[in-house]
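Enquirer: Just so you know, the sequences run in chain order A and B. The numbering used here applies: residue 389 is where the first sequence begins, and numbers increase by one. The numbering used here applies: residue 389 is where the second sequence begins, and numbers increase by one. Even glycine gets a Cβ: it sits at the ideal position worked out from N, Cα and C. I'd like to ask some things about the structure below.
Protein chains: 2
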Amino acid sequence: MGWKMAHDDQGCPGCEAPDLAFSRHDHGHCQADALGRAEVLIAARGLRMTPVRQRVLEILLETHRAVGAYVVLDRLAAEGFGNQPPVVYRALDFLEEQGLAHRIRRLNAFTACMHPGEAHAPSFLICRSCDLVAEAPAKAVRGALEAVALMVGFTVEGSNIEAMGQCADCRGRAA
Amino acid sequence: MGWKMAHDDQGCPGCEAPDLAFSRHDHGHCQADALGRAEVLIAARGLRMTPVRQRVLEILLETHRAVGAYVVLDRLAAEGFGNQPPVVYRALDFLEEQGLAHRIRRLNAFTACMHPGEAHAPSFLICRSCDLVAEAPAKAVRGALEAVALMVGFTVEGSNIEAMGQCADCRGRAA
DNA sequence: GGTATAGTTGTAATAGTATAACATGGTCAA
DNA sequence: TTGACCATGTTATACTATTACAACTATACC
Ligand SMILES: [Zn+2]
Ligand SMILES: [Zn+2]
Ligand SMILES: [Zn+2]
Ligand SMILES: [Zn+2]
Numbered sequence: 389m390g391w392k393m394a395h396d397d398q399g400c401p402g403c404e405a406p407d408l409a410f411s412r413h414d415h416g417h418c419q420a421d422a423l424g425r426a427e428v429l430i431a432a433r434g435l436r437m438t439p440v441r442q443r444v445l446e447i448l449l450e451t452h453r454a455v456g457a458y459v460v461l462d463r464l465a466a467e468g469f470g471n472q473p474p475v476v477y478r479a480l481d482f483l484e485e486q487g488l489a490h491r492i493r494r495l496n497a498f499t500a501c502m503h504p505g506e507a508h509a510p511s512f513l514i515c516r517s518c519d520l521v522a523e524a525p526a527k528a529v530r531g532a533l534e535a536v537a538l539m540v541g542f543t544v545e546g547s548n549i550e551a552m553g554q555c556a557d558c559r560g561r562a563a
Numbered sequence: 389m390g391w392k393m394a395h396d397d398q399g400c401p402g403c404e405a406p407d408l409a410f411s412r413h414d415h416g417h418c419q420a421d422a423l424g425r426a427e428v429l430i431a432a433r434g435l436r437m438t439p440v441r442q443r444v445l446e447i448l449l450e451t452h453r454a455v456g457a458y459v460v461l462d463r464l465a466a467e468g469f470g471n472q473p474p475v476v477y478r479a480l481d482f483l484e485e486q487g488l489a490h491r492i493r494r495l496n497a498f499t500a501c502m503h504p505g506e507a508h509a510p511s512f513l514i515c516r517s518c519d520l521v522a523e524a525p526a527k528a529v530r531g532a533l534e535a536v537a538l539m540v541g542f543t544v545e546g547s548n549i550e551a552m553g554q555c556a557d558c559r560g561r562a563a
């Protein structure tokens, strides 16, 4: 298993370094790792990684930025897939349900999950200058949110936690 | 100052009880209090609480649910205000900038701030059954988020923290 | 192989959300 | 009263998302 070996041998940059999106890194590793893990996961769940779904995931994995549904759709259409919104929204919904992609509500856009498979309710750091989106560990944040909810008897079933701001590089460049 | 007296005399339900939206309460107090505080705040900042802005705020204050921009717009239009989207979006943007309303990104809708004036980056608990939205204290949550961001040198300038789930009442009713 | 079944994709039509650009009109201070 | 500034009205358009239905494909069972 190539992807697993690479992952174990040197650690998974995407998983271990939440700031990866903001720094120079071997993005080919991010892509190959996430794609490989996605395929294994989907198969293990008895589901099908169809051409459309795979292609959408690949497109999202090309960048650490969030991508709008219609940008993905244009890409799909140019490659001979359907060119109507449901084609891409269905694939995106599937990927999101399977934890392979996330919806960034602040941007009305989607981003590939950089560490699929691990149960997580992630948080996102969005740089307003370079538009990069980093998926950050949200265990503590999510815990705090659930604690607040618990106080009033509210059951948290899902959450979206997004921070807009500026990454270290962009702040340095501005100063 | 009526609003302030009422607020001080018996405490402000909206400010002190994050679950207020989910329980029976004197909603007239929420409305009067928030509206009064809003007017004082805006005046203190040298800004103008115009008829459109005031009316939009009043409409948002009618309920603890989030209200879509076009619902507000229809109300405005029926009352003789302009009937084009910018009319309502400008008012909503103004109210949000002044901390008098919040955008619930998960719902593409807006809700009045129930404790304007206090510096806050709130979190929201959204009940999927009754659609009520409670503004919960997010100091701890926001702190956790900023801690994560700090680790990677990211500066948080704004955040949206929303939890979808079920309130105590609705959960009880379902069981 | 045939055939029922469920799941996936394609397509048309429509609904819902938001902004750009420009014109008009009110407010307030020199 | 003039000018600067802000707010509102209006037109047009862009962007995001869903409903409904038709066609196709893999699969499982006979
Ligand atoms: Zn990873
Ligand atoms: Zn940046
Ligand atoms: Zn209050
Ligand atoms: Zn409820």
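Does the contact criterion of 3 or more C-beta pairs under 8 Å hold for the stretch 465-476 of chain B versus the stretch 509-520 of chain B?
Expert: Segments in contact, no.
Enquirer: Which chain B residues are close to A:T543, counting only those with a beta carbon under 7 Å from its beta carbon?
Expert: Here residue 543 of chain A refers to the residue found at position 155 of the first sequence. Going along chain B in sequence order, the residues near A:T543 (Cβ under 7 Å) are G553, Q554 and R559.
Enquirer: With 16 other CB atoms within 10 Å as the buried threshold, where does A:A524 fall?
Expert: What you label residue 524 of chain A is simply residue 136 of the first sequence in a count that begins at 1. Looking at its Cβ environment, which holds 16 or more other Cβ atoms inside 10 Å, A:A524 is buried.
Enquirer: If distances are taken between C-alpha atoms only, which option among B:E450, B:V460 and B:M437 comes closest to B:M502?
Expert: Residue numbering aside, residue 502 of chain B sits at position 114 when the second sequence is read from its first letter. The option with the nearest alpha carbon to B:M502 is B:E450.
Enquirer: Find out if the Cβ-Cβ distance for the pair B:V460, B:V444 is shorter than 8 Å.
Expert: The sequence position of residue 460 of chain B within the second sequence is 72, counting from 1. The sequence position of residue 444 of chain B within the second sequence is 56, counting from 1. Yes, these two residues count as a Cβ contact at 8 Å.
Enquirer: Report yes if the C-beta of B:F410 is less than 7 Å from at least one heavy atom of ligand 5; otherwise report no.
Expert: Among the ligands in the structure shown, ligand 5 does not appear; only ligand 1, ligand 2, ligand 3 and ligand 4 can be found there.
Enquirer: Count the other CB atoms, across all protein chains shown, that sit within 10 Å of the CB of A:A432; report buried if there are 16 or more and exposed otherwise.
Expert: The residue given as residue 432 of chain A occupies position 44 in the first sequence. Exposed, since its Cβ has fewer than 16 Cβ neighbours within 10 Å.
Enquirer: With a threshold of 8 Å between beta carbons, is A:C400 in contact with chain B?
Expert: Counting from one through the first sequence, the residue named residue 400 of chain A turns up at place 12. The predicted position of A:C400 is uncertain, since its pLDDT is 46 and thus under 50; no value can be drawn from it.
Enquirer: Does any heavy atom of ligand 2 sit closer than 7 Å to the C-beta of A:D557?
Expert: Residue mapping note: residue 557 of chain A aligns to position 169 of the first sequence, counting from 1. Within the cutoff, so yes.
Enquirer: Which one or two residues does DSSP pair with B:C518 in a beta bridge?
Expert: If you number the second sequence from 1, residue 518 of chain B lands on position 130. The partner list for B:C518 (beta bridge, DSSP) is empty, contrary to what the question assumes.
Enquirer: Could you have a look at A:M393 and say whether DSSP puts it in helix, strand or coil?
Expert: As a working mapping, residue 393 of chain A is identified with position 5 in the first sequence. Any reading at A:M393 needs caution, since the residue's pLDDT is 37, under 50, leaving its predicted position unreliable; the model's value is listed next. Residue state, collapsed to three classes: helix.
Enquirer: Return the CA-CA distance between A:D557 and B:F410, expressed in angstroms with no decimal places.
Expert: For the purposes of this step, residue 557 of chain A is identified with residue 169 of the first sequence, where counting begins at 1. For the purposes of this step, residue 410 of chain B is identified with residue 22 of the second sequence, where counting begins at 1. Near 43 Å, if we compare the C-alpha coordinates of B:F410 and A:D557.
Enquirer: Report the CB separation of B:A580 from B:R530 in whole angstroms; it is logged as a contact under 8 Å.
Expert: Look at the range of chain B in this structure, 389 to 563, and you will see that residue 580 of chain B is not part of it.
Enquirer: Tell me the DSSP secondary structure of B:E450 in three-state form.
Expert: Residue mapping note: residue 450 of chain B aligns to position 62 of the second sequence, counting from 1. B:E450 falls in the coil class under three-state DSSP.
Enquirer: Any C-beta of chain B sitting closer than 8 Å to the C-beta of A:R453?
Expert: The residue you call residue 453 of chain A lines up with position 65 of the first sequence. No, its Cβ sits nowhere closer than 8 Å to a Cβ of chain B.
Enquirer: From what residue to what residue does the alpha helix (DSSP H) around B:A409 run?
Expert: Within the second sequence, the letter at position 21 stands for residue 409 of chain B. Run containing B:A409: none; DSSP gives neither H nor E here.
Enquirer: Just tell me which of A:Q442, A:R453 and A:I447 has its CA closest to the CA of A:C518.
Expert: Walking along the first sequence from the start, residue 518 of chain A turns up at place 130. Minimum Cα distance to A:C518 is reached at A:R453.
Enquirer: What residues in the stretch 483-508 of chain A have a beta carbon less than 7 Å from any beta carbon of chain B?
Expert: Residues R493 and R494.
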